[in-house]
Structure formats: C-alpha cells, structure tokens
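The structure appears below as structure tokens.
Numbering (the numbering used here), first residue to last: 559 to 658.
Structure representation (structure tokens):
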C-alpha cells in the first residue's frame, strides 16, 4: 500500500467553495506526477490499496483523506484530522497537469 500526498484538485467551477471535486493529484510526485478521478481515489481507499493525505501549509499537520457516503448522494472524499471531518481538500490549488 502506498501513502500518497495530494497537492491539488480539479473542480468544474474553480471559484466555487462548495463545488464537487472531480480529480485529485500531485504534479510534483516522485513518479513524475499523477492525477486520478475522484472515483479512482475512492475505489483505491476502499480497496485499501492506497492511503491519501494532504499537509496543511501553515501548521505542517497531516490530514488523511477518507470516503463519505450519505444517503441520496454520490460518495465523495473529504479530509479527516484530529478526530474531525474537515474541508482541507477544497482549499488546495487547482491541478494543472499536462499529460500526467
């Protein structure tokens, strides 16, 4: 199982603070950059093939990414740190991977 740092996201409307995330990625990862769909990340987390996380740029604290399932909604990803769900993912920069 790989422990994977996420540094960027993609949303259909980047300026919307509540828009759903379609992709997650890291253009500067050691393996040359990557970008996966939200569905690929969810499948990987649930299959326990990878763990994903973000690092707060101010505090340096890690927040793990988990899957949230709510009745009537598509599953989505959210960060979890200090025993609480939070929205660290939505504060990440937009991904700008070319061909990754």
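A virtual CB, placed ideally from N, CA and C, is assigned to each residue, including glycine.
Check whether residue i and residue j have beta carbons under 8 angstroms apart
i           : j           : result
residue 625 : residue 603 : yes
residue 596 : residue 609 : no
residue 623 : residue 637 : yes
residue 578 : residue 634 : yes
Which of helix, strand or coil DSSP assigns to residue i
i           : result
residue 625 : strand
residue 564 : coil
residue 647 : helix
residue 636 : strand
Supposed contact pair residue j and residue i - C-beta distance, whole angstroms, cut 8 angstroms
i           : j           : result
residue 565 : residue 586 : 7 angstroms
Nearest residue (CA-CA) to residue i, options the options
i           : options          : result
residue 591 : 636, 605 and 563 : 563
residue 555 : 634, 582 and 570 : There is simply no residue 555 to check, as the chain begins at 559 and stops at 658 in what is shown.
residue 621 : 647, 652 and 598 : 647
residue 593 : 600, 584 and 601 : 584
residue 600 : 614, 632 and 619 : 632
residue 651 : 614, 561 and 588 : 614
Distance cut-off 7 angstroms: residue i Cβ against heavy atoms of the ligand MN
i           : result
residue 596 : Of ligands this structure carries none, so the ligand MN is not represented either.
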